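J.: As they're listed, the protein sequences go chains A and B.
Residue 566 in my numbering sits at position 564 of the first sequence, with consecutive numbering throughout.
Residue 48 in my numbering sits at position 46 of the second sequence, with consecutive numbering throughout.
Using N, Cα and C, we set each Cβ at its ideal position, and we do this for glycine too.
Note that this is a predicted model, so its numbers are computed, not measured.
Number of protein chains: 2
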Amino acid sequence: MIFLSLGLLLLGARLFGELAKRFHQPAILGELLAGILLGPTVLGHLAPATSQFIFPLSGHQAEVFKGITSLAVVLFLLVVGMGVDLAAIRRQSRSGLAVSASGMLIPFGLGFLVAWYWPELLGMSGGADRQTFALFIATAMAISALPVIAKTLMDINLFSTDLGMVVISAAIFNDLVGWIIFAIIIGMMGIAAPGEGGHHSQWEVVLLALSFAAAMLTIGRWLLHRVLPWIQAHLSWPGGVLSFTLALSLFGAALSEWIGLHAIFGSFLVGVAIGDSHHLRERTRAVIEQFISFFFAPLFFASIGLRVDFIANFDPVMVAVLLVLACAGKILGCTLGARLSGMGASESWAVGWGMNSRGAMEILLGTIALSVDLINARTFVGLVVIALATSMMAGPMMQRVLRRKRTRRLVDHLSAKGFILELSGTTATEVIRELAAVVAPQAGLETAAVAEAVVERERSMSTAFGKHLAVPHARLPGLQAPLVGIGISPRGVAFAAPDGEPVHLVVMLLTSTEDNGDQIALLADVAAIFKGDEAGAQVLAVRSFTEFLALAKALGGAADQARAERERHTTVIAKAGARAGSDRGSG
Amino acid sequence: MIFLSLGLLLLGARLFGELAKRFHQPAILGELLAGILLGPTVLGHLAPATSQFIFPLSGHQAEVFKGITSLAVVLFLLVVGMGVDLAAIRRQSRSGLAVSASGMLIPFGLGFLVAWYWPELLGMSGGADRQTFALFIATAMAISALPVIAKTLMDINLFSTDLGMVVISAAIFNDLVGWIIFAIIIGMMGIAAPGEGGHHSQWEVVLLALSFAAAMLTIGRWLLHRVLPWIQAHLSWPGGVLSFTLALSLFGAALSEWIGLHAIFGSFLVGVAIGDSHHLRERTRAVIEQFISFFFAPLFFASIGLRVDFIANFDPVMVAVLLVLACAGKILGCTLGARLSGMGASESWAVGWGMNSRGAMEILLGTIALSVDLINARTFVGLVVIALATSMMAGPMMQRVLRRKRTRRLVDHLSAKGFILELSGTTATEVIRELAAVVAPQAGLETAAVAEAVVERERSMSTAFGKHLAVPHARLPGLQAPLVGIGISPRGVAFAAPDGEPVHLVVMLLTSTEDNGDQIALLADVAAIFKGDEAGAQVLAVRSFTEFLALAKALGGAADQARAERERHTTVIAKAGARAGSDRGSG
Chain A
3 MIFLSLGLLL
13 LGARLFGELA
23 KRFHQPAILG
33 ELLAGILLGP
43 TVLGHLAPAT
53 SQFIFPLSGH
63 QAEVFKGITS
73 LAVVLFLLVV
83 GMGVDLAAIR
93 RQSRSGLAVS
103 ASGMLIPFGL
113 GFLVAWYWPE
123 LLGMSGGADR
133 QTFALFIATA
143 MAISALPVIA
153 KTLMDINLFS
163 TDLGMVVISA
173 AIFNDLVGWI
183 IFAIIIGMMG
193 IAAPGEGGHH
203 SQWEVVLLAL
213 SFAAAMLTIG
223 RWLLHRVLPW
233 IQAHLSWPGG
243 VLSFTLALSL
253 FGAALSEWIG
263 LHAIFGSFLV
273 GVAIGDSHHL
283 RERTRAVIEQ
293 FISFFFAPLF
303 FASIGLRVDF
313 IANFDPVMVA
323 VLLVLACAGK
333 ILGCTLGARL
343 SGMGASESWA
353 VGWGMNSRGA
363 MEILLGTIAL
373 SVDLINARTF
383 VGLVVIALAT
393 SMMAGPMMQR
403 VLRRKRTRRL
413 VDHLSAKGFI
423 LELSGTTATE
433 VIRELAAVVA
443 PQAGLETAAV
453 AEAVVERERS
463 MSTAFGKHLA
473 VPHARLPGLQ
483 APLVGIGISP
493 RGVAFAAPDG
503 EPVHLVVMLL
513 TSTEDNGDQI
523 ALLADVAAIF
533 KGDEAGAQVL
543 AVRSFTEFLA
553 LAKALGGAAD
563 QARAERERHT
573 TVIAKAGARA
583 GSDRGSG
Chain B
3 MIFLSLGLLL
13 LGARLFGELA
23 KRFHQPAILG
33 ELLAGILLGP
43 TVLGHLAPAT
53 SQFIFPLSGH
63 QAEVFKGITS
73 LAVVLFLLVV
83 GMGVDLAAIR
93 RQSRSGLAVS
103 ASGMLIPFGL
113 GFLVAWYWPE
123 LLGMSGGADR
133 QTFALFIATA
143 MAISALPVIA
153 KTLMDINLFS
163 TDLGMVVISA
173 AIFNDLVGWI
183 IFAIIIGMMG
193 IAAPGEGGHH
203 SQWEVVLLAL
213 SFAAAMLTIG
223 RWLLHRVLPW
233 IQAHLSWPGG
243 VLSFTLALSL
253 FGAALSEWIG
263 LHAIFGSFLV
273 GVAIGDSHHL
283 RERTRAVIEQ
293 FISFFFAPLF
303 FASIGLRVDF
313 IANFDPVMVA
323 VLLVLACAGK
333 ILGCTLGARL
343 SGMGASESWA
353 VGWGMNSRGA
363 MEILLGTIAL
373 SVDLINARTF
383 VGLVVIALAT
393 SMMAGPMMQR
403 VLRRKRTRRL
413 VDHLSAKGFI
423 LELSGTTATE
433 VIRELAAVVA
443 PQAGLETAAV
453 AEAVVERERS
463 MSTAFGKHLA
473 VPHARLPGLQ
483 APLVGIGISP
493 RGVAFAAPDG
503 EPVHLVVMLL
513 TSTEDNGDQI
523 ALLADVAAIF
533 KGDEAGAQVL
543 AVRSFTEFLA
553 LAKALGGAAD
563 QARAERERHT
573 TVIAKAGARA
583 GSDRGSG
């Protein structure tokens with residue numbers, strides 16, 4: 003029944019992950035919830051026999067299940083590592099270092115002190131060593147969650163700004179240092195790998211861990227950058243580079259275990275080293291990232307919910323203490339660091355709230371600490387709660403501090419009501435009237451007035467892009483949110499397109515007069531999604547609103563991927579240009 | 003050390019797989035060989051302690067390892083199923099059915115008779131039932147290997163021909179029936195799922211298996227086609243559809259096990275049903291297929307080599323008997339079927355040789371039969387040998403019978419000697435001379451004569467394609483194989499391009515006067531690889547021949563994927579056109 007349990011966990015994680023995203027929360031929240039529902043917390047209470055049948059706690063299947071989730075987390079850390087952008091750290095190294103250093107030292111110190119003086123309050127296990135425990139809590143308070151932070155910044159359109167890069171570089175540095183410290187703590191306990199460990203002394207572990215990290219980030223990175231084109235040129239495509247990357251992350255994991263560290267440390271370092279090379283192509287990244295993010299990662303995070311009873315082990319006092327400790331230390335530390343490096347007050351607070359996200363990293367840390375009996379189930383539940391709570395706070399708080407809003411994306415504004423599968427009109431004015439008739443009522447506007455405004459704009463200059471696409475648009479006073487109408491014309495509409503072709507897809511955009519940003523963002527998004535040579539034929543194959551929405555999402559995803567590849571190569575060309583062709587030679 | 007064993011197996015499989023491909027053999031041959039070298043056959047003899055340390059035969063790690071390989075094979079069968087094209091079966095149903103029926107019945111009958119009268123000769127296990135054993139051998143003789151056959155047909159450019167479609171549809175039908183029969187045999191033994199099985203009677207298993215297959219291929223298929231756009235439209239992209247597909251294949255596996263069949267049967271059916279929908283986009287397919295084909299599949303096939311000692315269990319008499327039985331029955335059966343359905347003599351023989359490939363399917367069958375103790379290790383080794391031998395024969399024999407050759411692909415003809423990273427010329431004639439100087443000596447030709455021929459052709463009409471690409475070419479008498487010269491010009495060359503832009507990439511093609519096909523195939527390939535908007539910038543970022551070759555392969559892979567998507571949608575649009583828009587409506 004291993005397939006049943008894996009299937010249920012994966013499907014549950016996906017469904018609850020989607021639900022979480024619907025409420026603008028990180029998907030990991032839903033994935034954990036799925037595990038909590040299927041695990042001892044809920045299903046185990048309601049139907050113990052079924053629960054034991056599907057998710058047995060011991061025996062053959064439990065062993066296999068644990069093996070698969072440990073493979074899952076190793077591969078997940080490969081993807082996390084691949085997301086680290088070493089160049090960004092270098093660019094923002096001053097501010098990033100200040101934020102990172104202050105943002106680690108303060109929560110680390112605070113956490114260490116509280117855990118050292120009141121270990122019982124934070125649930126130290128009976129057999130654990132007080133120093134190790136205090137170091138662990140200190141690390142847990144000091145760590146950040148790069149993937150969650152990156153996602154939050156992208157959502158509120160801050161990722162590519164200077165502020166965003168400071169936060170990202172601080173988080174990367176934070177994660178690197180945090181994992182090394184944690185790896186060393188686990189190494190000091192000598193209980194990292196089952197059946198392994200203990201053959202290196204504490205100081206050997208520290209030394210080996212630091213050498214491994216240093217080697218991967220220098221020689222390893224350099225070597226991989228040189229080996230990748232060779233692999234892609236001489237082995238089969240894309241099998242060669244895929245198998246090579248995955249095998250390497252497994253070797254990294256094996257080496258970490260041999261040192262006496264947790265396996266994930268090695269695959270994280272391999273990910274950082276290999277992800278840094280622009281020779282790793284966007285499609286290869288996508289295959290690795292997507293399969294792991296949507297198969298292995300949800301399995302792992304949902305399986306966390308199976309580990310303990312979250313209700314029985316919920317200790318409100320401890321959760322409150324941990325939460326205050328975590329937020330106070332991290333937010334104050336990072337804000338202080340940002341101020342010291344010369345950032346403004348509101349930017350500094352935004353950095354503090356952003357860096358406060360703990361997400362997947364905190365949960366991973368807790369899982370490992372629980373499995374080696376360093377903390378008890380109550381502390382574990384507490385860490386999971388602060389991981390989720392801090393991640394959920396970050397986005398809204400940054401938006402409030404900076405008065406930022408989420409970027410407008412076309413797919414968020416599509417609706418079946420504003421969709422016409424077969425336009426009857428054959429001129430621009432006719433189809434604008436048709437679309438206005440379905441769109442205007444949605445915001446209580448008059449159809450004629452809307453149509454007039456759009457036609458007016460159309461008259462000043464055709465909004466046809468070529469490639470069978472036209473985007474008539476207008477700004478209207480008093481609109482709360484952008485309104486989008488979509489019309490498909492199998493026969494084609496005369497729109498005075500630059501390529502002289504009839505238009506088959508008409509996207510009508512209505513935005514508020516008060517907000518220029520919305521119109522520009524949506525126009526750019528429409529162009530990016532539908533400008534490809536193949537989009538026209540695919541739009542004509544659409545047979546319902548649902549199919550259109552599916553197509554827009556798929557094309558949008560492909561466009562995002564193409565843009566990432568272009569940006570990677572533009573950087574390379576700029577660099578090559580700076581070298582003025584001097585090191586280019588034949589052969 | 004599970005990560006070390008997985009990493010070693012994956013890397014070994016990849017390296018030997020590449021070696022096999024270098025000799026135009028199926029990759030699976032190399033993958034198996036890697037397992038044989040790392041397993042009891044070689045490493046186990048040379049260094050028993052190391053072998054036991056890395057690949058223990060029992061205990062915790064062995065259990066986990068088995069669990070991961072059984073997950074691997076379930077996911078691999080999802081991909082095999084996704085490759086089944088039900089529409090192709092329908093198109094070629096008459097000939098396909100004739101080939102399939104005759105090509106199954108004859109080897110099935112032959113296999114059954116021999117196994118029934120001489121079970122010891124074919125290594126029946128002591129405890130096995132003679133009837134079950136004979137049915138198993140009969141099935142093993144009758145099965146084909148869809149993926150290997152598809153690959154062979156693509157290699158010799160027969161895939162999209164009528165002949166190719168007959169072979170493919172016969173193989174699909176063959177596989178479907180073969181797996182159902184095999185599932186039933188295993189079900190009859192009541193030992194399919196560990197800790198499961200035996201709760202259904204033999205006839206219940208047969209009935210449930212047939213109902214499951216029928217339901218998936220009708221209602222299941224219909225339902226999935228309708229659900230997919232909804233998932234892509236309303237869940238996150240591409241996570242929603244990825245997790246859903248994978249979860250579904252796990253549920254299919256669980257259902258099969260509950261029925262009493264092997265888990266792979268269910269995931270195969272899920273793959274067939276979901277792969278049939280054109281709503282499953284090419285990029286989603288690519289993510290699933292590539293990750294599984296280059297992570298899970300090599301792990302599984304290499305792990306087969308770990309199971310037994312291939313030298314100690316090699317029984318030459320049995321291998322010879324099985325090989326003759328397999329080839330004679332299958333080739334004669336299929337050739338007969340093809341002749342009866344009206345095909346010519348040489349086409350019919352080609353069909354017979356093509357269908358004879360057993361590849362992965364035979365090995366899977368053998369693995370399962372070995373694990374349930376239906377056959378012994380010697381028979382297992384015999385089946386592996388015939389699987390490999392029949393697959394290796396297929397391509398060369400079809401080429402010989404049909405006098406076909408492999409399609410020319412650009413990347414097969416690139417060489418560092420014919421590559422100029424920085425062209426110094428600024429006119430078409432100058433760069434043609436430069437390229438001729440590096441290319442001509444490779445075939446012992448005179449540089450001046452080659453340059454003259456290419457310039458002559460260029461004068462008649464510019465070979466610039468636009469998008470910074472020019473493809474000067476000429477046919478020369480007595481060339482054994484096509485010669486390709488590649489030159490990059492950062493400054494740009496004046497080539498009278500249709501878009502008026504200077505040319506940055508010059509591809510010079512020299513082919514023999516006797517062979518028109520080569521030139522056209524190569525020109526089409528160059529255009530497909532480099533015509534994209536982003537290719538120009540990426541070519542200019544290239545800094546060595548290796549990087550250029552890597553780029554050409556990556557762009558070629560992307561072009562293949564785009565073509566597949568286009569073909570899928572062209573079919574849909576043609577169909578939609580035939581319905582004359584009558585069933586299109588608003589909303």
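#1: What would DSSP say about glutamate 20 of chain B, mapped onto helix, strand or coil?
#2: Hey, is the stretch 272-292 of chain A in contact with the stretch 213-229 of chain A, meaning 3+ C-beta pairs nearer than 8 Å?
#3: Could you give the distance in angstroms between the alpha-carbon of leucine 412 of chain B and the alpha-carbon of valine 168 of chain B?
#4: Please determine if the stretch 101-109 of chain A and the stretch 314-323 of chain A are in contact, where contact requires at least 3 C-beta pairs separated by less than 8 Å.
#5: Along the chain, where does the beta strand (DSSP E) containing arginine 493 of chain A start, and where does it finish?
#6: List the endpoints of the continuous alpha helix (DSSP H) containing methionine 1 of chain B.
#7: Is it buried or exposed, proline 300 of chain A, if we count other Cβ atoms within 10 angstroms and call 16 or more buried?
#8: Please confirm if glycine 9 of chain A has its CB atom under 8 Å from at least one CB of chain B.
#9: Based on Cα-Cα distance, which residue from A/Ala543, A/Gly534, A/Asn176, A/Arg360 lies nearest to alanine 558 of chain A?
#10: Starting from valine 505 of chain B, trace the beta strand (DSSP E) in both directions and tell me its first and last residue.
#11: Counting along the chain, where does the beta strand (DSSP E) carrying leucine 478 of chain A start and finish?
#12: Report back the beta-carbon spacing between serine 7 of chain B and phenylalanine 67 of chain B to the nearest angstrom; my notes put them in contact at under 8 Å.
#13: Return the CA-CA distance between proline 479 of chain A and leucine 447 of chain A, expressed in angstroms with no decimal places.
#14: Compare the C-beta of lysine 23 of chain A against all C-beta atoms of chain B and say whether one is closer than 8 Å.
#15: Please go through the same chain and pick out, in chain order, the residues whose beta-carbon is closer than 8 Å to the beta-carbon of glycine 14 of chain B, but skip the five residues on each side of it.
#16: Considering only the beta carbon of each residue, do isoleucine 145 of chain B and arginine 360 of chain B sit closer than 8 Å?
#17: Pair every Cβ in the stretch 376-395 of chain B with every Cβ in the stretch 527-544 of chain B, then say whether three or more of these pairs are closer than 8 Å.
#18: List the endpoints of the continuous alpha helix (DSSP H) containing alanine 537 of chain A.
#19: Taking just the CA atoms, how far does arginine 380 of chain A sit from phenylalanine 110 of chain A?
#20: What separation, rounded to the nearest whole angstrom, lies between the Cα atoms of threonine 43 of chain A and serine 60 of chain A?
#21: According to DSSP, simplified to helix, strand and coil, what is threonine 163 of chain A?
#22: Just to confirm, are phenylalanine 55 of chain B and methionine 126 of chain B a CB contact at a threshold of 8 Å?
#23: Suppose the cutoff is 6 Å on Cβ atoms and the five residues either side in sequence are ignored; what does the same chain contact list for leucine 45 of chain B look like?
#24: What first and last residue would you give for the beta strand (DSSP E) that runs through glycine 468 of chain B?
#25: Distance check for aspartate 317 of chain B and phenylalanine 297 of chain A, CA to CA, integer angstroms please.
#26: Just the C-alpha distance for phenylalanine 428 of chain A and leucine 553 of chain A, rounded to the nearest angstrom, thanks.
#27: In three-state terms, what does DSSP make of threonine 43 of chain A?
#28: Report, in whole angstroms, the separation of the C-beta atoms of valine 508 of chain A and leucine 425 of chain A, which I expect to be a contact under 8 Å.
#29: CB-CB under 6 Å to isoleucine 313 of chain A, same chain, minus the five flanking residues each way: which ones, in chain order?
#30: Taking the alpha-carbon positions, what's the serine 72 of chain B to glycine 356 of chain B distance?
#31: Whose C-beta lies closer than 6 Å to the C-beta of glycine 197 of chain A among residues of the same chain, with five residues either side of it excluded?
#32: Given this structure, state the Cα-to-Cα distance separating arginine 568 of chain B from alanine 539 of chain A, to the nearest angstrom.
#33: Determine the burial state of glycine 587 of chain A: buried for a count of at least 16 other Cβ atoms within 10 Å of its Cβ, exposed for fewer.
#34: Could you spell out where the alpha helix (DSSP H) holding glutamate 454 of chain A opens and where it closes?
#35: Output yes or no for whether 8 Å exceeds the beta carbon distance between valine 353 of chain A and threonine 369 of chain A.
#36: Let's see if you can read the secondary structure: which residues bound the alpha helix (DSSP H) around methionine 3 of chain B?
T.: Concretely, from the data shown:
#1: helix
#2: yes
#3: 29 Å
#4: no
#5: 485-495
#6: Outside the displayed span of chain B (3 to 589) sits residue 1 of chain B, for which this structure offers no information.
#7: buried
#8: yes
#9: According to the sequence shown, residue 558 of chain A is glycine rather than alanine. Closest option to glycine 558 of chain A, Cα to Cα, is A/Gly534.
#10: 505-514
#11: 475-478
#12: 7 Å
#13: 10 Å
#14: yes
#15: Ala36, Gly37, Leu39, Leu40, Ala304
#16: yes
#17: no
#18: 537-542
#19: 21 Å
#20: 17 Å
#21: coil
#22: no
#23: Ser53
#24: 466-468
#25: 42 Å
#26: Correcting the residue identity first, residue 428 of chain A is threonine in this sequence and not phenylalanine. Cα to Cα, threonine 428 of chain A sits roughly 24 Å from leucine 553 of chain A.
#27: coil
#28: 7 Å
#29: Thr43
#30: 29 Å
#31: Only weak support is given to the placement of glycine 197 of chain A: the predicted model assigns it a pLDDT of 42, under 50, and the value that follows is read from those uncertain coordinates. Cβ neighbours of glycine 197 of chain A beyond the five flanking positions: none.
#32: 9 Å
#33: In this prediction, glycine 587 of chain A has a pLDDT of 34, which is less than 50 and means its spatial position is unreliable; nothing more can be read from the coordinates.
#34: 449-462
#35: no
#36: Methionine 3 of chain B -> no alpha helix (DSSP H), and no H or E assigned at all.
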